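Presented below is the structure to which this report refers.
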Amino acid sequence: MDLINRLYQKINEAPLSPKVLLARSYAQGHQLLEQICKRYGAIFNVEVQTLRGIVTANTKPELFRRKISLLDEGQAVWVVRELMKQLAIENPMTYINESMLKPGIVNQVNRVISDMRLAGLRSDEVKAECFTNPLKGEYLKRMLAFYETYLRENGRTDVAGLGDYLKPGGDETVYLVLAPTGWTFVERNMIHKLSGGRLCFLDSDVPFYINEDFSKNRFTMFRATGSLAEVREGFRRNLSDPSALDRMEIILSDYEHYAPIIHSHAEALGVEYTLSNGLPLVFCDAGKAVVGILDWIAEGFPVKRLAEMLRHGYISFSDERWSRTDWVCLLEKSGIGWGRERYLALLRPERLSEEEREQGTALFTYVKDWFDRLPEGNEWNPLILLEWVTDFVQKHVPARSLDDANVGASLKEMRKRYSASPSEPIPMDLAVQYVKEMLAGIRIRATATPKPGSIHISSLHNGGWSGRERTWILGMDERTWSISAVQDPLLLDQERITLSKHLESAKERAKNVRSERESRLSRIRGEIWLSYSSYDIGEQKSNSPAFEMLQVLRLQSRDSLLDFGVLEHSLGEPYSVMDIMHASELAAPFDGINAWAGLLQEPNGKPKDGWQAVMETYPALAAGYQAIAFRFGERLSAYDGWLESDISTSANGLDNVQRRDTISVSQLEKYASCGLQYYFYYVLKLRPKEVSEFDRTRWLQASERGSLLHDIFKRYLEDVTYKGTKPALHDKGRLVEIVEAVIRENALLIPAPNQHVFAKECEEIRRDVEIFYLHEVGRTDQPCFFELELATHDGEPMEIHLPGGIHFKLKGFVDRVDRIGPHEYRIIDYKTGSTSKYKVAEYFSGGTQLQHAVYSIAVEQWLRETGMDFEAKVTEAEYYFPTERGRGEKVRRIQNRREDLATIIAKQLESRNRGVYVPAKDSRTCGWCDYRAVCGSHAEWMAGKRDSSVNADILSTLLEVESHD
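Structure, rendered in structure tokens:
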């Protein structure tokens, strides 16, 4: 007689008397009653309860009368931590000092205290000599005493203390109990007191491997090359069977590992399912937002993390004037990178451009509100952080699904539950860790009992009660099915035995868990699938089947001498992710992977050449393959940057360019350096993301440092020359004042990662400025203009005229203009990098150094047109390296090759307008290019094409430009 029959028989012994079925969980009890109803029809006067549920309900009136509140397990952790801290402060040399109050240790102490109280132990009964380490024994004794005092003085009690408030049941209710119960000593006493002795225990079934009825089931066993392959094979078999899916229960040996895999496949296939233990909160958008914002805090507030959450839609801002993309772009362009100080500094309105100011102000309001409510330093309170996260979710996380709404509701309930718990400031990383541990208790999509029309997915700890006709047990490998008997290091087995016979040892616990599992599985009836992963892909090692699998084979064959070798042989070859082992008539492809497996396999199992099929199915892939083929070919193609424009009909002819385009020197130089880079940046307008990454070894980026030095040089020279109107009267003290002022301003706008880095870079800046000062003192020329903008009176770009009738609009700034003689000038461009690129013999450097020549003409023209000097001539241009790295060197170019400049620019524009945008001549340029991920080794492939005669006509004008040194 199985358990269902025995339970029904007990219920019918007194059908009119009230009965309580005491189960390990409500789900277990309800599933048992459903099976009885299916088999025998309706029953009544039976209520499902758990021991803790019925005890809590019974004691609630008495607790209310005495004004005592019940401490749940989560709240108890915070109480224990507070008591541990008090004990550590009283005695810094105690067994667990204050520095050891990490979540893992606190949780372990809390479990030991709970075990001792549920075993009926009081602090006065705990003897230090019962412990291998008397110091540990004394610590636990005092902790238990502190805990008892806390409960007594604060009007609290825990589950173990509910027996004092329990009243015996006064009616004739019969309590039906499923053995083994798993109850502790105190729990047994409470239920005996409550029931008044009206307990009826139903014995468990014998283990499955000696259960005759279990042996009559229909068994299928298989293995697969990984857990993903195992799940896919099970789904293949299930979908090929016309039977209803809700006939199946899937029991997962490793629930946390397998449940996400099952979930993703069921979602993709549109299969309805229920999960007994649900999924972690990160399987919904709100959960990802919660974990993401905690990671954002823990990692130092990186913009990258915030932008990622916005991009995926996990978080949003209430101001709908801007899209998610707008917010992401603003964050990435802001240069914030990381750190709360940088957000507040770089999002100030005065720091933002005109077009970004309104949106930036709105973002500043949001982040200021966040940071105002977040603590600093080591003053982080986990429960206040939990409240902050709850509020953040309410304001910034849209509830697009029921799961999202459940996460928000669970956070509110958790905040309310912990609001009265004691806590104190701790370091930030510990606070985040505690909050994450609390959030681990939030599960989504949890449906404890099966639902019609759905596959039911349970765990090895609670599965097997559904009574469904087909049961599939996954993950039956030796490691997963083994039950740990590792001792609790805080309360060893020998210490447990010495302290009390009611404290369960690790060995006993493992034995009881195994016994309960074997008994529960023995009551499964119908069709049973057993499977395991024979290979662990993560650890790259083989797995052996669990001993229980061999026991099933022995039971099925009625041969107790079978060994693992026979089992391995009977299982056959392991199944893979792709369906290559089923006959074509039996195969049931349920996704693209399986469909392709069929297309790429001959009937005899040999692989086909599927190249043509792949190319036809995926045109984009075919186009990519064609691009590679053309790139490796000898002739230039569109995949090398040749657009084959007809210059005679093109709207981009030289005349049109001269009338319409505004050109910067950097454009011309970039085109000469790498046409493909120019095409990406100026034609396609593909901009590399300018996201500041956290670097604890650097304060200023190279561009930021260059801007700072330019600012110092400009302010100083304007000051000592009265804005260029008088010869310089150098004053080192004034220069030092300017340097310190500019450093302070930049420090406010761009906070340094730490004081050491800040001091180091400030000293480097001071040394650079010292180099600048020493060289300026030795100059005899008159600085006249600083940061000169090349523009007309109304702010429009200047029109520049070159020899040969070439003219175009130019925009740009000149760092400095010095008067070196009557009507004679030199332009100066500050460089804060290396001098290696600027060689004396390379005047134009193949068109990559045109700035000195173009700006010389532009400044000369500007001086004349504005009336500053009608006879002005710019005879020299200088690249000036006024830094420690540049050693104050000067590279000067005499301005006497204007006809060559006109030829180079004309050829560049002609080449560009013909559609020639080929990669760089010098592949070393690719080393610092923002587009190298797109190009790969394209510049190296182009070397041969540049020399090939078939491309001579196309590249002639570009090669002519490159030949100009």
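According to our numbering, the stretch in the sequence shown is residues 78 to 1042, in order.
Each residue gets a CB set at the ideal place from its N, CA and C atoms; glycine is no exception.
Quick caveat: nothing in here was measured; it's all calculated off a predicted structure.
Helix, strand or coil at residue i [DSSP, three-state]
i: Met-875; result: strand
i: Leu-221; result: helix
i: Cys-114; result: helix
i: Met-298; result: strand
i: Gly-530; result: coil
i: Val-797; result: helix
i: Ile-827; result: coil
i: His-1041; result: coil
i: Arg-143; result: coil
i: Asp-241; result: helix
i: Gln-972; result: coil
i: Tyr-1044; result: What is shown of the chain runs 78 to 1042, which leaves residue 1044 out entirely.
i: Tyr-913; result: Rather than Tyr, the amino acid found at residue 913 in this sequence is Ser. Of the three classes helix, strand and coil, the one that applies to Ser-913 here is coil, per DSSP.
i: Ala-818; result: helix
i: Leu-677; result: coil
Proximity of residue i and residue j at Cβ, strictly below 9 Å
i: Thr-557; j: Ala-623; result: yes
i: Pro-426; j: Phe-441; result: yes
i: Leu-632; j: Leu-644; result: no
i: Leu-140; j: Leu-148; result: no
i: Leu-221; j: Leu-239; result: no
i: Arg-129; j: Glu-264; result: yes
i: Lys-335; j: Leu-551; result: Rather than Lys, the amino acid found at residue 335 in this sequence is Tyr. Yes. Within cutoff.
i: Ser-619; j: Ala-301; result: no
i: Ser-933; j: Ile-897; result: no
i: Ser-355; j: Ala-497; result: According to the sequence provided, residue 355 is Gly. The question's Ser does not apply to it. No; because the gap between Cβ atoms is not below 9 Å, this pair is not in contact.
i: Trp-606; j: Arg-314; result: yes
i: Lys-144; j: Gly-232; result: yes
i: Asp-554; j: Ser-330; result: yes
i: Val-484; j: Ile-519; result: yes
i: Leu-424; j: Val-444; result: yes
Beta-carbon proximity list for residue i, same chain, < 7 Å, skipping 5 on both sides
i: Lys-382; result: Looking at the sequence provided, one finds Arg at residue 382 rather than Lys. Closer than 7 Å at the Cβ level, and outside the excluded window around Arg-382, lie Gly-369, Asp-372, Trp-373, Glu-376.
i: Val-49; result: The chain is shown only over 78 to 1042; residue 49 falls outside these bounds and no answer can be derived.
i: Leu-825; result: Ala-422
i: Leu-305; result: Ile-338, Val-654
i: Leu-243; result: Val-132, Asn-135, Thr-136, Met-267, Lys-270, Leu-271
i: Ile-1031; result: Leu-713, Trp-719, Val-993
Range covered by the alpha helix (DSSP H) that runs through residue i
i: Tyr-85; result: 80–90
i: Cys-406; result: 401–410
i: Thr-980; result: 975–990
i: Cys-839; result: 832–854
i: Phe-624; result: 624–634
i: Ile-934; result: 928–942
Cβ shell of residue i (< 6 Å), same chain only, five flanking positions each side left out
i: Gln-928; result: Val-742
i: Lys-956; result: Reading off the sequence, residue 956 comes out as Tyr, not Lys. So the list reads Asp-906, Lys-908, Tyr-915, Val-968, once near-sequence residues are dropped.
i: Cys-1003; result: Arg-1009, Ala-1016
i: Met-692; result: Ala-699
i: Phe-357; result: One point to set straight first is that residue 357 is Pro, not Phe, in the sequence displayed. Once the five neighbours on either side are set aside, Pro-357 has no close Cβ partner at all.
i: Arg-1023; result: none
i: Leu-1036; result: none
Cβ shell of residue i (< 8 Å), same chain only, five flanking positions each side left out
i: Ile-113; result: Ile-81, Leu-84, Tyr-85, Ile-88, Ile-120
i: Glu-876; result: His-884, Phe-885, Lys-886, Leu-887
i: Gly-923; result: Ala-749, Lys-998, Val-1038, Glu-1039, Ser-1040, His-1041, Asp-1042
i: Gly-416; result: Gly-377, Phe-378, Phe-771, Pro-828, Pro-830
i: Glu-841; result: Glu-961
i: Thr-250; result: Ser-94, Pro-95, Lys-96, Val-97, Ser-272, Arg-275
Limits of the beta strand (DSSP E) - the one that residue i falls within
i: Cys-277; result: 276–279
i: Cys-1012; result: Cys-1012 -> not in any beta strand (DSSP E); alpha helix (DSSP H) instead, spanning 1009–1012.
i: Pro-860; result: 859–866
i: Trp-549; result: 547–551
i: Ile-883; result: 883–887
i: Leu-253; result: 251–255
Requested in this report: Please specify which runs of the alpha helix (DSSP H), each continuous and at least 4 residues long, are wholly inside the segment 167–216, giving them in chain order.
Outcome: 180–195
Query - Length-filtered (4 minimum) alpha helix (DSSP H) runs lying within the segment 470–513 - result: Listed in chain order, the complete alpha helix (DSSP H) runs (minimum 4 residues) inside the segment 470–513 are 479–495.
Report task. Scan the segment 292–371 and note each continuous beta strand (DSSP E) run of 3 residues or more that stays entirely inside, going in chain order. Result -> 295–301, 325–329, 350–352
**Report entry** Complete runs of the alpha helix (DSSP H) confined to the segment 570–609 [at least 4 residues]
**Finding:** 570–576, 583–598
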